[in-house]
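Each residue of the sequence shown is one higher than the one before, counting from 1047 in my numbering.
Every residue, glycine too, gets a C-beta built ideally from N, C-alpha and C.
Bear in mind the structure is a predicted one, so any value in this text is a computation, not a measurement.
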Amino acid sequence: MKIFHTADWHLGKVLQGVSLIEEQRFVLNQFTDAVKEEKPDVVIIAGDLYDRSVPPAEAVSLLDEVLWKVTVDCKTPVLAIAGNHDSPARLQFGNRLMQANGLHIVGKPSNSGGGTIVQVEDEFGPVQFHLIPFADPSVIRNLTQNDRIDSHHRAMESIIDQFGELDPSKRHVAIAHAFVTPFGEPEENTSESERPLSIGGAEYVAADLFKPFHYTALGHLHQAHFTGTEQIRYAGSPMKYSISEEHHHKGFLEIELDKHGEITVEKRALYQNRDIRTVQASMADLLNEEPSPDYVFVKLLDNAPVLFPMEKVRSVYPNAMHVERIVNRSLPEQASSRLTDIERLDDRTLFESFYKEITGSAPDEETRTIVDEVLQELLTRKGDSL
């Protein structure tokens, strides 16, 4: 069985006030083209289809467009679950109607606090997919009336236990949205664009819980990797959603599941029309660069302040997201070297002292000249007002 594993689409994402919807359409068109050409048996979307619980209309429209292409045009079943960014009730609306076209979306746990099983056949027999939507431990605790469920690990353990002993005559794939680490130990998130699942270290789930499954398709972390064993994997997000993901290689996973439940994994790349990246240069060097439509975060290396930096940057990078000046903020080693009698210093000396403390070096002649001109203008204005 050939499976396409993807996750964390975050449709409707806004970065620095800029909607990424057209970039998402550009990337997901590559994904649907791959589905059309290679005809996988199943497409998995492991949560966070939307970026927020009440998505904008254009995000809903894009999801409808993509799911129609996959399920109706390509006749490929889609198995999707809600992530922590999604609204379970909204995502699950009409799911019984959509199942007729091969679209299975599970937004929330069952009334008993369990997951959902969907069975798909291939030439070797049945494969059972165990869909586990994101659920806060308090939700599972309420549904199961089990007061011991006080962490995401225990909530996941409870859901998996409800599946019972897995039928050894069938192959089994889990689909979950969680922060899974090899032993449930804390780890750094792979992206600053993904919010924590809980406060106080209760968000981590141990990978051991998924060992009974032949493959586990995870969502939540935005960098593709396996955790615990190679059968337990994150697909990562299909595109970059913050500058912290600048060096991620985005795409989706192609999984081949043989008749014995053994897997082979291939990472398939997806490319953005406009990259998200850092540009570090002086303003003079930056203005000589080739124009680019990329979403850039600019770090200016100029020692002197730059007037209207964003206007200048956008003459080269019209979609620039952020500009900051990198300065040496190290303080003098000896506190005694600080000037203590500030009232006795003239304006020029005060400026030079401040400049050196902030940048780590004395102002150059051009900067001194500009400051002298400004001080002279202020002095003239003051004289005219007397």
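- prompt: Alpha carbon to alpha carbon, what distance is there between I1416 and R1279?
  reply: Counted from its first residue, the sequence shown places residue 1279 at position 233. Counted from its first residue, the sequence shown places residue 1416 at position 370. The straight-line gap from Cα to Cα measures roughly 58 angstroms.
- prompt: Taking the DSSP output, what are the residues bridged to L1125?
  reply: Numbered from its first residue, the sequence shown carries residue 1125 at position 79. In DSSP, L1125 forms a bridge with I1090 and H1150.
task: Taking 8 angstroms as the threshold, find out whether the segment 1078-1095 comes into contact with the segment 1269-1279 through three or more Cβ pairs.
output: Counting Cβ pairs under 8 angstroms, fewer than three are found: no touch.
- prompt: How big is the Cα-Cα spacing for G1246 and S1197?
  reply: The residue given as residue 1246 occupies position 200 in the sequence shown. The residue given as residue 1197 occupies position 151 in the sequence shown. Low confidence applies to G1246: its pLDDT is 49, below 50, so where it sits in the model is not reliable, and the reading given next is rough at best. Cα-Cα distance, rounded: 10 angstroms.
query: Which one or two residues does DSSP pair with Q1326 in a beta bridge?
result: For the purposes of this step, residue 1326 is identified with residue 280 of the sequence shown, where counting begins at 1. For Q1326, DSSP records a beta bridge to K1345.
- request: For G1171, count neighbouring C-beta atoms within 10 Å of its own C-beta (all shown protein chains included) and say buried if the count is 16 or more, exposed if not.
  value: The sequence position of residue 1171 within the sequence shown is 125, counting from 1. Exposed is the call here.
message: Given this structure, state the Cα-to-Cα distance separating E1169 from E1203, to the nearest angstrom.
response: By one-based count along the sequence shown, residue 1169 stands at place 123. By one-based count along the sequence shown, residue 1203 stands at place 157. Approximately 32 angstroms between the Cα atoms of the pair.
message: If the criterion is Cβ atoms closer than 8 angstroms, does the pair F1180 and V1219 meet it?
response: For the purposes of this step, residue 1180 is taken as residue 134 along the sequence shown, with counting starting at 1. For the purposes of this step, residue 1219 is taken as residue 173 along the sequence shown, with counting starting at 1. Going by C-beta atoms, F1180 is not nearer than 8 angstroms to V1219.
Cross-strand partners of Y1250 (DSSP beta bridge): Stepping through the sequence shown from its first residue, residue 1250 is reached at position 204. Answer by DSSP bridge pairing, in chain order: F1225.
Closest residue to V1124 among S1158, S1133, T1078 and E1104 (Cα-Cα distance): Counting from one through the sequence shown, the residue named residue 1124 turns up at place 78. If we check each option's Cα against that of V1124, T1078 comes out closest.
- prompt: Measuring CA to CA, which of G1153, T1310, V1152 and V1081 is closest to D1032?
  reply: Only positions 1047 to 1432 of the chain appear in this structure, which leaves residue 1032 out of reach.
message: Contact defined as beta carbons within less than 8 angstroms: I believe V1089 pairs with V1106. What is the distance between those atoms, to the nearest angstrom?
response: Counting from one through the sequence shown, the residue named residue 1089 turns up at place 43. Counting from one through the sequence shown, the residue named residue 1106 turns up at place 60. 19 angstroms between Cβ atoms; not a contact.
field: Inter-residue spacing [alpha-carbon to alpha-carbon] between R1320 and H1294
entry: The residue labelled residue 1320 in the question sits at position 274 within the sequence shown. The residue labelled residue 1294 in the question sits at position 248 within the sequence shown. Taking the straight line joining both Cα atoms gives about 15 angstroms.
query: What is the residue span of the alpha helix (DSSP H) that L1113 lies within?
result: Within the sequence shown, residue 1113 is the residue found at index 67, counting from 1. Here the alpha helix (DSSP H) through L1113 covers A1103 to W1114.
- request: Measure from the alpha carbon of G1265 to the alpha carbon of each residue in K1085, I1178 and S1158, then state which is nearest.
  value: What you label residue 1265 is simply residue 219 of the sequence shown in a count that begins at 1. Nearest C-alpha to G1265: I1178.
query: So, using beta-carbon positions, are H1223 and G1129 closer together than 8 angstroms?
result: Along the sequence shown, one-based indexing puts residue 1223 at 177. Along the sequence shown, one-based indexing puts residue 1129 at 83. Yes, Cβ-Cβ distance for H1223 and G1129 is below 8 angstroms.
Span of the beta strand (DSSP E), counted from its first residue to its last, around H1176: What you label residue 1176 is simply residue 130 of the sequence shown in a count that begins at 1. Note, H1176: beta strand (DSSP E), G1171 to I1178.
- prompt: Is the beta carbon of L1299 sitting closer than 8 angstroms to the one on A1270?
  reply: By one-based count along the sequence shown, residue 1299 stands at place 253. By one-based count along the sequence shown, residue 1270 stands at place 224. When the beta-carbon positions are compared, L1299 and A1270 come within less than 8 angstroms of each other.
field: For Q1165: DSSP bridge partner residues
entry: On the sequence shown, residue 1165 is found 119 positions in, with the first residue counted as 1. According to DSSP, which records beta bridges pairwise, Q1165 is partnered with Q1174.
message: On the CB-based measure, 16 or more other CB atoms within 10 Å of its CB, does R1434 come out buried or exposed?
response: A query on residue 1434 cannot be resolved here, the shown segment of the chain reaching from 1047 to 1432 and no further.
Euclidean distance between Cα positions of L1385 and S1399: Your numbering for residue 1385 matches position 339 in the sequence shown. Your numbering for residue 1399 matches position 353 in the sequence shown. Interpretation of L1385 is limited by its pLDDT of 40, a score under 50 that renders its predicted location unreliable; no figure is taken from the coordinates.
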